[in-house]
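Novice: Under full-length UniProt numbering, the first residue of the sequence shown is numbered 1, with each subsequent residue one higher.
Please see the structure below; I have some questions.
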Amino acid sequence: MLVHVFARLTSHRVDQTINILWLKRDLRVADNPALAKAVQGDHSVVPLYIVEPEYWQLPDTSARQYAFLRETLHDLAKTLAGLGAPLVVRVSDAVQALDELSKTYQINQIFSTEETGNAWTFRRDQRVAAWAKHTGITWTQVPQFGVVRGLRSRDGWAASREKSVRLTQIDPPVAMRPHGVESQRMPSLVELSLIDDCPNRQAGGRGSALSLLGGFLTERGQSYRAAMSSPLEGEWACSRMSPHLALGALSVREAAHAVQARSREVTGTRSGWSGSLRSFQSRLAWRDHFMQKLEDAPRLEYQAMHSAYENLRPKHPNAERLHAWKTGQTGIPFVDACMRYLIHTGWLNFRMRSMLMSVASYHLWLDWRSTGPHLAQVFTDYEPGIHWSQVQMQSGTTGINTVRMYNPVKQGIDQDPNGIFTRRWCPELAQVPDRFLQEPWRWDGAGTVVGTLYPEPIVDLPQAARFARDQVWSVRKGAAFHNEAKTIVKKHASRKSDRGFQRDKAPKDPDTRQMSFDI
1 MLVHVFARLT SHRVDQTINI LWLKRDLRVA DNPALAKAVQ GDHSVVPLYI
51 VEPEYWQLPD TSARQYAFLR ETLHDLAKTL AGLGAPLVVR VSDAVQALDE
101 LSKTYQINQI FSTEETGNAW TFRRDQRVAA WAKHTGITWT QVPQFGVVRG
151 LRSRDGWAAS REKSVRLTQI DPPVAMRPHG VESQRMPSLV ELSLIDDCPN
201 RQAGGRGSAL SLLGGFLTER GQSYRAAMSS PLEGEWACSR MSPHLALGAL
251 SVREAAHAVQ ARSREVTGTR SGWSGSLRSF QSRLAWRDHF MQKLEDAPRL
301 EYQAMHSAYE NLRPKHPNAE RLHAWKTGQT GIPFVDACMR YLIHTGWLNF
351 RMRSMLMSVA SYHLWLDWRS TGPHLAQVFT DYEPGIHWSQ VQMQSGTTGI
401 NTVRMYNPVK QGIDQDPNGI FTRRWCPELA QVPDRFLQEP WRWDGAGTVV
451 GTLYPEPIVD LPQAARFARD QVWSVRKGAA FHNEAKTIVK KHASRKSDRG
501 FQRDKAPKDP DTRQMSFDI
């Protein structure tokens, strides 16, 4: 379909030399180092976004992510037009798009921000690098904040990250030279064969990002530290910045500086603000920490971090369990409520994301490679570097972290004590008393609901937990396991002190202090 809708653009040679700013996950003009480098010199800069149809057919991408992207690009396009250099969209393979531009214009240099993406974008970047080398065009990839390409050791990484965040933000250009390069329009969801754009998801665009950040720092964030673990309260108290940070509509440095400014304003008060703002700052740092893991080891998307866990669970999952989990029909009320909410909104607070992954991995005994893509698709804020690191951590395959086997019944009681969230998303359970809401099968009147209006639990929770615990811990026996774990610690573990990224020497023993985060 796309071949007919998006016809080839004019290909006659134009006597014009340009720089290309290839935009990927840095969709902003403020605090954008790649843009700052591109506008230096005498050449017009072409802000280019390439819609790659193949990417949007991957098992970890989705309509809701693309719809959010369209809104973000629409906002960016207005800003760029105001600067005099309209956004150029091309719909094709990246190498093809760049090659066609090189045949029409004299490309002086291509600039982009380093991307820590999934395996597909990693291979695409390798192909672009090979093409650039073959054509003699310089491709300059500018480092991200906090993520270091080619890092040899985590020693010193935290200090380096903190230094980059403290640097002064880069002002956007006042104006840009016109370029005259033709643009294609953004494909619709239908044209990319995408369905379910999640109408209840967050809105994209830098304007929305700034509004959310402002609201968080002046009102909603006051209870962040205390409320972030609750799916009911977290919807309000969390910053909700994650999808905007994932696309770079706002830089981590911009967010960190805004938090620092607000922290200075509330210093000395007993309002709860200081603790909440410190928690948020630490989670911005942990965001970079997890992205660094995938940057250092792209295989984490498809291979267990610790080789001993590579074949822990069946590679071909139990289809009934997988479907029940993906659709919120496991018969475990709090799990189903969280999954249904996530599908409906594209967002879920971190603790509940962890619980969904934990229950899938331990109680349902599903391999993380079968469950990870589903969560990636339903997250509007899918960030590969964070996602795959967390998927492995919550499924217990890192070999260095504490085994987090969430009890979904206890989580429901703790995080939804009045059952408001559970009943909202599992209305079939409306008549079940509070006492039995998280275990309706134990209620005397269960026969009127369980197995009729609402599924029976797909597994026996205590029995499934015992089995999983035995399987996981049996792998940890032996010197070979611990020797490999030490190697993983040296490469991937944080050098975190109790108060933040302050100690830059590798811990002697496997680091089990990795904390949860939710931004």
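Just so you know, even glycine gets a beta-carbon here, dropped at the ideal spot from N, CA and C.
Are residue 392 and residue 368 close, meaning C-beta to C-beta below 8 Å?
Specialist: Cβ distance < 8 Å, so residue 392 and residue 368 count as in contact.
Novice: Per DSSP, residue 47 forms a beta bridge with which residues?
Specialist: Paired residue(s): 21.
Novice: Take residue 16 and list the residues in its own chain whose beta-carbon comes closer than 6 Å to its own, dropping the five residues that flank it on each side.
Specialist: Excluding positions up to five away in sequence, the list reads 105.
Novice: Is the stretch 397 to 415 touching the stretch 356 to 371, taking contact as three or more C-beta pairs under 8 Å?
Specialist: At 8 Å Cβ cutoff, the stretches touch.
Novice: Less than 8 Å between the CB atoms is what I'm expecting for residue 298 and residue 122, so what's the real figure, rounded?
Specialist: That belief holds up - the Cβ atoms of residue 298 and residue 122 are roughly 5 Å apart, short of 8 Å.
Novice: Check each candidate in 301, 262, 390 and name the one with the smallest Cα separation from residue 274.
Specialist: Of 301, 262, 390, the residue nearest in Cα terms is 262.
Novice: Using alpha carbons as the reference points, say which of 332, 39, 41 lies closest to residue 429.
Specialist: The shortest Cα separation from residue 429 among 332, 39, 41 belongs to 332.
Novice: Quick one: using the 10 Å Cβ neighbour count with 16 as the cut-off for buried, is residue 222 buried or exposed?
Specialist: Result: buried.
Novice: Assign residue 271 to one of three DSSP states: helix, strand, or coil.
Specialist: Reduced to three states, the DSSP call for residue 271 is coil.
Novice: State buried or exposed for residue 171, treating a residue as buried only when at least 16 other CB atoms are found within 10 Å of its CB.
Specialist: Per the 10 Å Cβ criterion, exposed.
Novice: Out of 370, 445, 415, state which residue places its alpha-carbon closest to the alpha-carbon of residue 350.
Specialist: Among 370, 445, 415, the Cα nearest to that of residue 350 belongs to 415.
Novice: Give the DSSP bridge partners of residue 90, in chain order.
Specialist: According to DSSP, which records beta bridges pairwise, residue 90 is partnered with 50.
Novice: Can you check whether the CB of residue 184 is closer than 8 Å to the CB of residue 89?
Specialist: It is a contact, given that the beta carbons lie within the stated cut-off.
Novice: In terms of residue numbering, what span does the beta strand (DSSP E) encompassing residue 343 cover?
Specialist: That residue, residue 343, is in no beta strand (DSSP E); its alpha helix (DSSP H) goes 333 to 345.
Novice: With a threshold of 16 other CB atoms inside 10 Å of the CB of residue 174, please say whether the residue is buried or exposed.
Specialist: Exposed is the call here.
Novice: Look at the Cβ atom of residue 451, then the Cβ atom of residue 334, and state whether they are nearer than 8 Å.
Specialist: No, they are not a contact pair.
Novice: Could you tell me which residues DSSP pairs with residue 454 in its beta bridges?
Specialist: According to DSSP, which records beta bridges pairwise, residue 454 is partnered with 450.
Novice: Quick check: the stretch 146 to 158 against the stretch 17 to 24, are there 3 or more CB pairs under 8 Å?
Specialist: No: fewer than three Cβ pairs fall under 8 Å.
Novice: Is there contact between the stretch 106 to 117 and the stretch 133 to 151, where contact requires at least three CB pairs shorter than 8 Å?
Specialist: Yes: at least three Cβ pairs fall under 8 Å.
Novice: Using 8 Å for Cβ pairs, my map puts residue 202 next to residue 240. What's the rounded Cβ distance?
Specialist: The pair is a contact, with the Cβ atoms about 6 Å apart (cut-off 8 Å).
Novice: Per DSSP, residue 142 is paired with what?
Specialist: For residue 142, which the question treats as bridged, DSSP gives the partners 113.
Novice: With DSSP collapsed to three states, give me the class of residue 483.
Specialist: In this structure, residue 483 counts as helix in the three-state DSSP scheme.
Novice: Which same chain residues end up closer than 6 Å to residue 165 when comparing Cβ atoms and leaving out the 5 residues on each side of it in sequence?
Specialist: Closer than 6 Å at Cβ, skipping near neighbours: 253, 256.
Novice: When burial is assigned at 16 or more other CB atoms within 10 Å of the CB, is residue 434 buried or exposed?
Specialist: Under this definition residue 434 is an exposed residue.
Novice: Alpha carbon to alpha carbon, what distance is there between residue 245 and residue 86?
Specialist: So the alpha carbons of these two residues sit roughly 23 Å apart.
Novice: Can you name, in chain order, every residue of its own chain whose Cβ lies under 7 Å from the Cβ of residue 200, other than the five neighbours on each side?
Specialist: Answer for residue 200: 344, 345, listed in chain order.
Novice: For residue 415, which of helix, strand or coil comes out of DSSP?
Specialist: Note: residue 415 maps to helix in three-state DSSP.
Novice: Compute the distance between the beta-carbons of residue 318 and residue 366, then report whether it is under 8 Å.
Specialist: Yes, they are a contact pair.
Novice: Straight-line CA distance for residue 182 to residue 62?
Specialist: Computed Cα separation, rounded: 28 Å.
Novice: Leaving out five residues on either side along the sequence, give the residues of the same chain with a beta carbon under 7 Å from the beta carbon of residue 224.
Specialist: Within the same chain, residue 224 has close Cβ partners 237, 238, 276, 279, 280.
Novice: Ordered along the chain, which non-local residues of its own chain (more than five positions away) have a Cβ less than 8 Å from that of residue 544?
Specialist: Because the chain spans 1 through 519 in this model, residue 544 falls outside it and cannot be assessed.
Novice: Distance, Cα to Cα, residue 226 vs residue 79?
Specialist: Rounded to the nearest angstrom, the two C-alpha atoms are 37 Å apart.
Novice: Where residue 309 and residue 491 are concerned, what is the direct C-alpha to C-alpha distance, given to the nearest angstrom?
Specialist: Near 18 Å, if we compare the C-alpha coordinates of residue 491 and residue 309.
Novice: Going by DSSP, what residue range makes up the alpha helix (DSSP H) through residue 217?
Specialist: 206 to 218 is the extent of the alpha helix (DSSP H) around residue 217.
Novice: What distance in whole Å lies between the Cβ atoms of residue 421 and residue 231, which are believed to be in contact at a cut-off of 8 Å?
Specialist: Confirmed, about 5 Å.
Novice: Can you name the start and end residues of the alpha helix (DSSP H) that residue 254 belongs to?
Specialist: Where residue 254 is concerned, the enclosing alpha helix (DSSP H) stretches over 252 to 266.
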